[in-house]
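**Q** I'd like to ask you about the structure that follows.
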Amino acid sequence: MPSTLASRAVAGNATSRRWSTPRWLWSATGLAVALTLVFWLAATSVLSRGQADVRGAKDRAAPAFVSARTAQAALADADRAAWQSARSGTIRLTGPGRQFRDDLTAAGDGLARLAQSDLGGAAGRDRIREVNAQVVAYQGLVEQSDAAYREGVPALGLAYLTYASDLLHDPADGPLARLGKIAERDRAAVEDLGASFWTGTGAVVTTGGLAAVLLTHLGYVQVSMARRFRRVLNLPLLAASALLLGLALWTATALGDVEHHFDAAAGGTLHGSDRTLLGQIGAADSAARSLARNGPDSGYRLNLTAANGSRASLDSALAKAAETGALPVGLPLLSLTAAALIVGGGLLRLREFPA
Amino acid sequence: MSTRPLRALASLLLLCVLTVSACGSGERETITILGPWVGKEQATFEKVLADFEKQTGFNVDYTGTRDARAVLASNLHDGHPPNAAVLSTLGDLRAYAASGRLSPVAAGLPAGRGGDLTTVPGPDGARPYGIVVKASVKSLIWFPRTLAPGVRDRLGKARSWDELAAAASGLGRPWCLGFADKSASGWPGTDWIEDILLHRAGGEVYDAWVSGTLPWTSPQVRAAWQTFGSVVAAGSGDSLVTGYAAASARMFEPRPGCALAHGGAFITTLGSGPGARDADFVPFPKGGDIEIGGDVLGVFDRVEATDALVAYLTKEPVQRKWIQEQGSGAFSLSRAVPPAAYPDPLSRRIAQTLADATSVHFDASDTFPPVLAEAFDHAVLEYVAAPSRLEEILAALDRVQKASPPGS
Chain A
1 MPSTLASRAV AGNATSRRWS TPRWLWSATG LAVALTLVFW LAATSVLSRG QADVRGAKDR
61 AAPAFVSART AQAALADADR AAWQSARSGT IRLTGPGRQF RDDLTAAGDG LARLAQSDLG
121 GAAGRDRIRE VNAQVVAYQG LVEQSDAAYR EGVPALGLAY LTYASDLLHD PADGPLARLG
181 KIAERDRAAV EDLGASFWTG TGAVVTTGGL AAVLLTHLGY VQVSMARRFR RVLNLPLLAA
241 SALLLGLALW TATALGDVEH HFDAAAGGTL HGSDRTLLGQ IGAADSAARS LARNGPDSGY
301 RLNLTAANGS RASLDSALAK AAETGALPVG LPLLSLTAAA LIVGGGLLRL REFPA
Chain B
356 MSTRPLRALA SLLLLCVLTV SACGSGERET ITILGPWVGK EQATFEKVLA DFEKQTGFNV
416 DYTGTRDARA VLASNLHDGH PPNAAVLSTL GDLRAYAASG RLSPVAAGLP AGRGGDLTTV
476 PGPDGARPYG IVVKASVKSL IWFPRTLAPG VRDRLGKARS WDELAAAASG LGRPWCLGFA
536 DKSASGWPGT DWIEDILLHR AGGEVYDAWV SGTLPWTSPQ VRAAWQTFGS VVAAGSGDSL
596 VTGYAAASAR MFEPRPGCAL AHGGAFITTL GSGPGARDAD FVPFPKGGDI EIGGDVLGVF
656 DRVEATDALV AYLTKEPVQR KWIQEQGSGA FSLSRAVPPA AYPDPLSRRI AQTLADATSV
716 HFDASDTFPP VLAEAFDHAV LEYVAAPSRL EEILAALDRV QKASPPGS
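Structure (structure tokens):
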């Protein structure tokens, strides 16, 4: 037993020799600076990767989704409008009508926007080309129908309108089905981005955890210094701690806001937009089917205002998620200031030792 | 100063260079093919391509889409054509060859049944611009196996259209007619008119009509249209808005709405059409002449791998493998592939009909310039809707033909 105590005392002396106060000061200050830099890098990574995801949704996936659904709704309504013109007899006088043309213009705009923001790469471009080609073919068939009605061959006019409608509604590879698939893919892309680690609670907790480790270390250094130097506070270190605490709270709040707004956009707002547009597509399809069977006109008309409203609310929710204020500038600035204060606090005590 | 570190560095660099060269030389050339085959047809073609890749070391990237024609036009417009494309009509092959878009394929490939179908005029004269990769036998009259034996016997013995019409006349509304096929509506009617003209007026008249030397308003062509009109008059009244497959399926309903369907061998592959087990056929009377359709491979960007692919696809074992794939619906024009090579009795009989033909003619509407082919489709629909307008329709087709010479 005595020999064990003696060996422990020798080891203790060796440790205190290894960890002289200046060396401890250098090490504690260095570790605090390193942790500050790690916090800065981690928070910056979370912020930039999260914002990249938000931008991906805001600039590509969400516009692509809305464009595909809008084009789908406009085409469905074009078919309804063409049938209505045929059944009411106005096709003989004015062709498929103004609503038909307006719908095709809206569909063309939607397809053009979709081509700009599509996520499908080369294969996606081919799919959009195919849809464009089918829309042209559809329009050609409706024009043939128009010509047949004007020439006084209504049976042929009716047949061409049926071919056009069948082309549009082909469940396997008609333009409506293809646009539906594209919209579902893009909606899933928004949801995936919304569920990414960088915009989720995990990223906020990780960043907050690093901040907690850093602040705990600074607290430990402050207390240890107070013991070793018999002074109550190291003011630069205290200032660095306050600065980092504020920065951590700012960062956590900003990342939490991103998470909240992105969740809202990728969840409720996105699904609400989808419901609105799918409702319009369903109503147009149903009205077209009724007219094709020579049934009554349901009176449905495409409500582009509602469609645009859906797009606006989605844009707005994603714009809020993209809003991080001055944090991208504040994060490096305050982190470096805190690191400088930590170094200053350490040097202040080191100066008390002879060189 | 020691030279050992320099030597070591030089050896290392040499090793790196050799490694990179070795890797580079192992890189396989990849070619792109665009085609209209999707689903089962695509799977069959990709099996054939997989063997090609294994045997040659080239890679093939096939894209199948039902709108291959539109996508090809768009790719050409963008200046990024695929290396090769499967074209659904000879008319498209002619048009692309005449415009200089297609590269000629290697000469000396074996000519199959039907002769040298793909040698067409290009900027440097007539040269082979493609190969028929998959043929479909047309000129067939289909009926359910449950049809009364007496009727079947009369159909089988019919040696002329009039005899066939007489045999069919006892069947109420005999013909299953459906001309709807979205943007391609009308083609089943063009097949009818082509077969009637081919088998009533003969191969020479048919070829003269296809080449544009026999006008649409000629008595022979007019008579073919009128005969087709009698078929339509004896069919159900909804043929304009009924799909081809749906119309053919009516012969198998518990209370059949019709008994006979005119069509190619592909009728057995249609989802809702007659299945191979339920249907039987007789050749369009009188036999001897037969009409075929086919998909043609054209080369837009010729490289070593496209030459290898063209040569590979024309090989007899490859053709044999393709036709033996269940559900491929493919027939080979190669004389080296005998009817016995086909996988089921019905296919073997169809192949035998092709082998027995004295004269094989390519589908006229697939040979016409695209504008005329489209006008022909429309003309059929217009005639079905308003038979009294026949003279106007034929005169309009003559005008379209003059405005769109072969290759346009």
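These protein sequence lines map, in sequence, to chains A and B. Heads up: the first sequence at position 211 corresponds to 211 in our numbering, and the numbers run straight through without jumps. Position in the second sequence counted from 1, then plus 355, gives you our numbering. Every residue gets a Cβ at the ideal spot worked out from N, C-alpha and C, and that includes glycine. What you are looking at is a predicted structure, and each value in this text was computed from that prediction instead of being measured.
#1: Buried or exposed: where does residue 197 of chain A fall if 16 or more other Cβ atoms within 10 Å of its Cβ makes it buried?
#2: What are the complete beta strand (DSSP E) segments, minimum 3 residues, inside the stretch 453-532 of chain B?
#3: What does residue 153 of chain A reach in chain B if we use C-beta pairs closer than 9 Å?
#4: If you reduce the DSSP assignment to three classes, tell me which class residue 686 of chain B lands in.
#5: Examine chain B for any beta-carbon lying closer than 8 Å to the beta-carbon of residue 129 of chain A, and answer yes or no.
#6: Note down, in chain order, every chain A residue with its Cβ under 8 Å from the Cβ of residue 754 of chain B.
#7: To the nearest whole angstrom, what separates the beta carbons of residue 72 of chain A and residue 281 of chain A, a pair I think is in contact under 8 Å?
#8: Using a beta-carbon distance cut-off of less than 8 Å, what residues from the stretch 402-423 of chain B approach chain E?
#9: Helix, strand or coil: which one does DSSP assign to residue 761 of chain B?
#10: Using a Cβ-Cβ cut-off of 8 Å, state whether residue 395 of chain B counts as contacting chain A.
#11: Let's see if you can read the secondary structure: which residues bound the beta strand (DSSP E) around residue 442 of chain B?
#12: Quick check: residue 493 of chain B and residue 678 of chain B, are their CB atoms within less than 8 Å of each other?
#13: Taking contact to mean 3 or more Cβ pairs, one atom from each stretch, closer than 8 Å, check whether the stretch 572-589 of chain B and the stretch 731-749 of chain B are in contact.
#14: Under 8 Å between C-beta atoms, does residue 356 of chain A make it to chain B?
#15: When the cut-off is 8 Å and only beta carbons count, does residue 163 of chain A lie next to chain B?
#16: Ends of the alpha helix (DSSP H) at residue 697 of chain B?
#17: In angstroms with no decimal places, state the Cα-to-Cα distance between residue 656 of chain B and residue 534 of chain B.
#18: Would you verify that the beta carbon of residue 427 of chain B is, or is not, closer than 8 Å to some beta carbon of chain A?
#19: Does the Cβ-Cβ distance between residue 415 of chain B and residue 664 of chain B come in under 8 Å?
#20: Output the boundary residues of the alpha helix (DSSP H) element that contains residue 85 of chain A.
#21: Residue 243 of chain A lies in the beta strand (DSSP E); which residues open and close that run?
#22: Find out if the Cβ-Cβ distance for the pair residue 386 of chain B, residue 661 of chain B is shorter than 8 Å.
#23: Need the endpoints of the beta strand (DSSP E) that residue 599 of chain B sits in, please.
#24: Run through chain B and tell me which residues come within less than 7 Å of residue 134 of chain A, C-beta to C-beta.
#25: Taking contact to mean 3 or more Cβ pairs, one atom from each stretch, closer than 8 Å, check whether the stretch 256-270 of chain A and the stretch 314-330 of chain A are in contact.
#26: Please tell me whether residue 111 of chain A has its Cβ less than 8 Å away from any Cβ of chain B.
#27: In chain order, what residues of the same chain have a beta carbon less than 6 Å from the beta carbon of residue 95 of chain A, not counting five sequence neighbours either side?
#28: Are the stretch 440-449 of chain B and the stretch 606-617 of chain B touching by the rule of at least three beta carbon pairs closer than 8 Å?
#29: Just the chain B side, please: which residues come within less than 9 Å of residue 159 of chain A by C-beta, in chain order?
#30: Name the residue from A:117, A:165, A:238 and A:269 whose alpha carbon lies nearest to the alpha carbon of residue 191 of chain A.
#31: Output needed for residue 85 of chain A: all residues of its chain with C-beta closer than 6 Å, excluding positions within five of it in sequence on either side, in chain order.
#32: Using DSSP with H/G/I as helix, E/B as strand and the rest coil, what is residue 371 of chain B?
#33: Tell me whether residue 306 of chain A sits in a helix, a strand or coil according to DSSP, three-state version.
#34: Assign residue 673 of chain B to buried or exposed, taking buried as 16 or more other Cβ atoms, counted over all protein chains shown, within 10 Å of its Cβ.
#35: For residue 755 of chain B, which residues from the same chain have a beta carbon less than 7 Å from its beta carbon, with the 5 sequence-adjacent residues on both sides left out?
#36: Please return the same chain residues whose Cβ sits closer than 7 Å to the Cβ of residue 742 of chain B, not counting the five positions on each side in sequence.
**A** Concretely, from the data shown:
#1: As a position in the first sequence, residue 197 of chain A is number 197, starting the count at 1. Exposed.
#2: Counting only runs of 3 or more residues that sit fully inside the stretch 453-532 of chain B, the beta strand (DSSP E) segments are 474-477, 480-483, 485-492 and 495-499, in chain order.
#3: Against the first sequence, residue 153 of chain A aligns to sequence position 153. Those are 737, 740, 741 and 744, listed as they occur along chain B.
#4: Walking along the second sequence from the start, residue 686 of chain B turns up at place 331. It is a strand residue.
#5: In the first sequence, the residue the question calls residue 129 of chain A occupies position 129. Yes, residue 129 of chain A counts as interfacial toward chain B.
#6: Taking the first residue of the second sequence as position 1, residue 754 of chain B is located at position 399. Under the 8 Å cutoff, chain A gives no residues; its nearest Cβ is about 16 Å from residue 754 of chain B.
#7: Indexing the first sequence from 1 puts residue 72 of chain A at position 72. Indexing the first sequence from 1 puts residue 281 of chain A at position 281. Right, the Cβ-Cβ distance comes to about 6 Å (below 8 Å), so this counts as a contact.
#8: In the structure shown, chain E cannot be found, because the protein chains are A and B.
#9: As a working mapping, residue 761 of chain B is identified with position 406 in the second sequence. Coil, per DSSP.
#10: Locating residue 395 of chain B in the second sequence gives position 40, where the first residue counts as 1. So, not an interface residue.
#11: Within the second sequence, the letter at position 87 stands for residue 442 of chain B. Element bounds for residue 442 of chain B: 439-442.
#12: On the second sequence, position 138 is the one that residue 493 of chain B refers to. On the second sequence, position 323 is the one that residue 678 of chain B refers to. No, Cβ-Cβ distance for residue 493 of chain B and residue 678 of chain B is not below 8 Å.
#13: Judged by Cβ distances under 8 Å, the stretch 572-589 of chain B makes contact with the stretch 731-749 of chain B, as three or more pairs qualify.
#14: With chain A covering 1 to 355 only, the question about residue 356 of chain A has no answer from this structure.
#15: Indexing the first sequence from 1 puts residue 163 of chain A at position 163. Residue 163 of chain A counts as touching chain B.
#16: Mapped onto the second sequence, residue 697 of chain B falls at position 342. That residue, residue 697 of chain B, is in no alpha helix (DSSP H); it is neither H nor E in DSSP.
#17: In the second sequence, counting from the first residue as 1, residue 656 of chain B sits at position 301. In the second sequence, counting from the first residue as 1, residue 534 of chain B sits at position 179. Roughly 37 Å between the two C-alpha positions.
#18: Here residue 427 of chain B is taken as the residue at index 72 of the second sequence, counted from 1. Chain A contact via Cβ: absent.
#19: Position 60 of the second sequence, counted from the first residue, corresponds to residue 415 of chain B. Position 309 of the second sequence, counted from the first residue, corresponds to residue 664 of chain B. For residue 415 of chain B and residue 664 of chain B, yes; Cβs fall inside 8 Å.
#20: Walking along the first sequence from the start, residue 85 of chain A turns up at place 85. 62-88 is the span of the alpha helix (DSSP H), which, as asked, contains residue 85 of chain A.
#21: What you label residue 243 of chain A is simply residue 243 of the first sequence in a count that begins at 1. Looking at the DSSP string, residue 243 of chain A is not in any beta strand (DSSP E); the run it does join, the alpha helix (DSSP H), is 235-264.
#22: To locate residue 386 of chain B, count along the second sequence from 1; it is residue 31. To locate residue 661 of chain B, count along the second sequence from 1; it is residue 306. For residue 386 of chain B and residue 661 of chain B, yes; Cβs fall inside 8 Å.
#23: By 1-based counting over the second sequence, the position of residue 599 of chain B is 244. That residue, residue 599 of chain B, is in no beta strand (DSSP E); its alpha helix (DSSP H) goes 599-604.
#24: For the purposes of this step, residue 134 of chain A is taken as residue 134 along the first sequence, with counting starting at 1. By Cβ distance, chain B contributes 422.
#25: Taking 8 Å as the limit for Cβ pairs, the verdict is that the stretch 314-330 of chain A does touch the stretch 256-270 of chain A.
#26: Within the first sequence, numbered from 1, the residue matching residue 111 of chain A stands at position 111. No, residue 111 of chain A does not count as interfacial toward chain B.
#27: Stepping through the first sequence from its first residue, residue 95 of chain A is reached at position 95. Closer than 6 Å at the Cβ level, and outside the excluded window around residue 95 of chain A, lie 146.
#28: no
#29: Here residue 159 of chain A refers to the residue found at position 159 of the first sequence. When 9 Å is used as the limit between beta carbons, residue 159 of chain A is near these residues of chain B: 534, 535, 540, 595, 596, 736, 739 and 740, in chain order.
#30: To locate residue 191 of chain A, count along the first sequence from 1; it is residue 191. Of the candidates A:117, A:165, A:238 and A:269, the one whose C-alpha sits nearest the C-alpha of residue 191 of chain A is A:269.
#31: By 1-based counting over the first sequence, the position of residue 85 of chain A is 85. Excluding sequence neighbours, residue 85 of chain A sits near 91, 96 and 97.
#32: As a working note, residue 371 of chain B is residue 16 in the second sequence. Here the model assigns residue 371 of chain B a pLDDT of 42, short of 50, so the residue's position is not dependable, and the following value carries that caveat. Of the three classes helix, strand and coil, the one that applies to residue 371 of chain B here is helix, per DSSP.
#33: Stepping through the first sequence from its first residue, residue 306 of chain A is reached at position 306. In the three-state DSSP reduction, residue 306 of chain A falls in the helix class (H, G or I).
#34: Counting from one through the second sequence, the residue named residue 673 of chain B turns up at place 318. Per the 10 Å Cβ criterion, buried.
#35: As a working note, residue 755 of chain B is residue 400 in the second sequence. 726, 727 and 730, listed in sequence order.
#36: Counting from 1 along the second sequence, the entry for residue 742 of chain B is found at position 387. 584, listed in sequence order.
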